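Protein chains in written order, with the working numbering: chain A, 1 to 156; chain B, 157 to 312; chain C, 313 to 395; chain D, 396 to 478.
Each residue gets a CB set at the ideal place from its N, CA and C atoms; glycine is no exception.
None of these values were measured; they are calculated from a predicted model.
Structure first, then comments.
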Amino acid sequence: MPASPKIHIAIQQEDFDVAAQVAALTQGRTDIGAVVTFTGLCRDEAGTLSALELEHYPGMAEAEIARVVQDAQTRWPLMGVTAIHRYGKIAPGEQIVLVIATSSHRVAAFEAAEFLMDYLKSRAPFWKKDHRKDGAQGQWVDAREEDEKALGRWEG
Amino acid sequence: MPASPKIHIAIQQEDFDVAAQVAALTQGRTDIGAVVTFTGLCRDEAGTLSALELEHYPGMAEAEIARVVQDAQTRWPLMGVTAIHRYGKIAPGEQIVLVIATSSHRVAAFEAAEFLMDYLKSRAPFWKKDHRKDGAQGQWVDAREEDEKALGRWEG
Amino acid sequence: MRAVYFAWVRERIGKTDEELAPPESVVSVADLITWLSARDEGYAYAFENPDIIRTAIDQNHVQHDALIAGAREIAFFPPMTGG
Amino acid sequence: MRAVYFAWVRERIGKTDEELAPPESVVSVADLITWLSARDEGYAYAFENPDIIRTAIDQNHVQHDALIAGAREIAFFPPMTGG
Chain A
1 MPASPKIHIA IQQEDFDVAA QVAALTQGRT DIGAVVTFTG LCRDEAGTLS ALELEHYPGM
61 AEAEIARVVQ DAQTRWPLMG VTAIHRYGKI APGEQIVLVI ATSSHRVAAF EAAEFLMDYL
121 KSRAPFWKKD HRKDGAQGQW VDAREEDEKA LGRWEG
Chain B
157 MPASPKIHIA IQQEDFDVAA QVAALTQGRT DIGAVVTFTG LCRDEAGTLS ALELEHYPGM
217 AEAEIARVVQ DAQTRWPLMG VTAIHRYGKI APGEQIVLVI ATSSHRVAAF EAAEFLMDYL
277 KSRAPFWKKD HRKDGAQGQW VDAREEDEKA LGRWEG
Chain C
313 MRAVYFAWVR ERIGKTDEEL APPESVVSVA DLITWLSARD EGYAYAFENP DIIRTAIDQN
373 HVQHDALIAG AREIAFFPPM TGG
Chain D
396 MRAVYFAWVR ERIGKTDEEL APPESVVSVA DLITWLSARD EGYAYAFENP DIIRTAIDQN
456 HVQHDALIAG AREIAFFPPM TGG
């Protein structure tokens, strides 16, 4: 009988170490064939952005990500899942979000990571505000219609 | 004008450091929004496998991967691509293959990494031989029909 | 019932959270939005386009036709932009 | 023309590579496979199911109907199992 998947979910202000997170899922195991990581970074928008500010709904953010991770486990045979999302002020080039999925085969790991990211983008209660280098007032980032549409492939 | 993508392709016997490879693509840049890594590991097949032996076609392996990376660049707006494939004897739990794709947005990075892996599986001249713990003669791994089919989604 | 506000909904209303005691005629999330919108300019601005307001009851996403009876915490926020 | 063999094709033939000088009647990869198969049991075993044999000319994948004229290196191998 396969061991139950190793799950790590965190909402945190501090940065994360991707290699350490991968090691936490894979070390000492010889049954994993595929590790997919997604790391989302803060872009400077052609030099115009000084920082992103990430607001979240404490409690619900963790709960919502846990629900989505649970859903992913029912869809794919996963050996481990890590989902870390930062909040607070984040400078260009810094890491914002990390998703890792491990499985025996690559298709499950890829699809689960994409699924988790699609849901994090549009269902996890986080909101981004742009702070501009020109000192103009920060602007809340608009939700992208493509992100909402991306969920369609996982439904029905 | 966007800088030309950073490409690193290697066929090597020694192990690789995923974090160092990611850093080589991302360090000092603030225009990357998405980093997807795929790491393929050697599975022990429920304890029956003692090692995998990977044979390759020197010269053609590099050339074929370079062609596929070139193709990926014409399909997606990529900022960097890394493809490392090991050869020789590899023990369970060890790393076999690494693909990294970076882009400004997540869909391009995910799709490019999947595309590269699908082609590496069925088009790059590598062959795997299983060595069994019971000492039976090593068996060449059969190509999986699913892997051949996986290429279909990128064609036409 | 505690109401919590996030992102530009919070900024327009001017507070992060508050206790609400709506009249009995307010039964759904949609009713609550209408009731809140009538309070002052800040609320009216926050809810000027109710269709795009997302809501959660006790930290679960709900639609605007959800009933608020028994809710301990109701959240109002813009479309999410995580990831 | 140099022939190179990989994986079980190499093991069945019993060598990694060799120089080939096929007669003029051998014009395609398919002809070359037929010609090689007649050499001895090892070749016959390697090419017993020619449909699954993959080939490359000068390190580019080719089909069995490809012409071998001008080829410097021709490779024979099983379906690839990389990644």
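Reference residue i, options the options, closest by Cα
i	options	result
residue 420/D	430/D, 401/D, 476/D and 400/D	430/D
residue 545/D	232/B, 221/B, 236/B and 230/B	In the structure as shown, chain D begins at 396 and stops at 478. Residue 545/D is therefore absent and cannot be evaluated.
residue 401/D	210/B, 191/B, 203/B and 308/B	210/B
residue 248/B	269/B, 161/B, 208/B and 213/B	208/B
residue 363/C	373/C, 316/C, 333/C and 390/C	390/C
residue 199/B	223/B, 177/B and 289/B	289/B
residue 106/A	79/A, 98/A and 130/A	79/A
residue 366/C	139/A, 11/A and 125/A	125/A
residue 270/B	254/B, 260/B, 300/B and 285/B	254/B
residue 99/B	252/B, 191/B, 229/B and 174/B	The structure shown has nothing for residue 99/B, since chain B only spans 157 to 312.
residue 233/B	182/B, 309/B, 160/B and 308/B	160/B
residue 259/B	192/B, 286/B and 284/B	192/B
residue 194/B	303/B, 266/B and 306/B	266/B
residue 466/D	404/D, 416/D and 403/D	416/D
residue 7/A	70/A, 20/A, 28/A and 17/A	70/A
residue 422/D	475/D, 414/D and 460/D	460/D
residue 141/A	131/A, 33/A, 26/A and 19/A	131/A
residue 468/D	424/D, 403/D and 443/D	424/D
Within chain B, partners of residue i - CB distance below 9 Å
i	result
residue 82/A	Going along chain B, no residue has its Cβ under 9 Å from residue 82/A, so there is no contact; the nearest lies around 13 Å.
Residues that residue i contacts on chain B, provided the C-beta gap is smaller than 8 Å
i	result
residue 451/D	213, 216 and 281
residue 402/D	211, 283, 285 and 296
Proximal residues of chain C, C-beta to C-beta of residue i below 9 Å
i	result
residue 85/A	394 and 395
Three-state class that DSSP yields for residue i in the structure shown
i	result
residue 414/D	strand
residue 213/B	coil
residue 271/B	helix
residue 7/A	strand
residue 31/A	coil
residue 293/B	coil
residue 308/B	helix
residue 378/C	coil
residue 321/C	helix
residue 123/A	helix
residue 26/A	helix
residue 450/D	strand
residue 101/A	strand
residue 223/B	helix
residue 420/D	coil
residue 143/A	coil
residue 468/D	strand
residue 476/D	coil
Chain-ordered chain D contacts of residue i [CB-CB under 7 Å]
i	result
residue 273/B	478
residue 331/B	Outside the shown range of chain B, which is 157 to 312, sits residue 331/B, and nothing can be said about it.
Partner residues on chain F for residue i, Cβ-Cβ distance less than 7 Å
i	result
residue 189/B	Reference to chain F is not applicable here, since the protein chains of this structure are A, B, C and D.
Supposed close pair residue i, residue j - CB separation, criterion 8 Å
i	j	result
residue 412/D	residue 398/D	6 Å
residue 371/C	residue 59/A	6 Å
residue 100/A	residue 62/A	17 Å between Cβ atoms; not a contact.
residue 174/B	residue 22/A	7 Å
residue 129/A	residue 138/A	5 Å
residue 463/D	residue 442/D	No, residue 463/D and residue 442/D are not in contact; Cβ-Cβ is about 15 Å, not under 8 Å.
Closer than 9 Å at the beta carbon, the chain D residues around residue i
i	result
residue 277/B	475, 476, 477 and 478
Near the ligand COA: residue i beta-carbon under 8 Å from a heavy atom
i	result
residue 460/D	Only the bare structure without any ligand can be found here, which leaves the ligand COA out of the picture.
Interface residues of chain C facing residue i [CB-CB closer than 7 Å]
i	result
residue 36/A	Going along chain C, no residue has its Cβ under 7 Å from residue 36/A, so there is no contact; the nearest lies around 15 Å.
9 Å Cβ cut-off: residues of chain A touching residue i
i	result
residue 359/C	Neighbours of residue 359/C on chain A: none; closest Cβ ~16 Å, over 9 Å.
Chain A residues whose Cβ lies nearer than 7 Å to that of residue i
i	result
residue 371/C	59, 60 and 63
*Does the count of Cβ pairs from the segment 315-329 of chain C and the segment 235-249 of chain B closer than 8 Å reach three?*
no
_Counting beta carbon pairs with one atom in the segment 45-54 of chain A and one in the segment 113-120 of chain A, are three or more of them shorter than 8 Å?_
no
*Pair every Cβ in the segment 342-357 of chain C with every Cβ in the segment 71-86 of chain A, then say whether three or more of these pairs are closer than 8 Å.*
no
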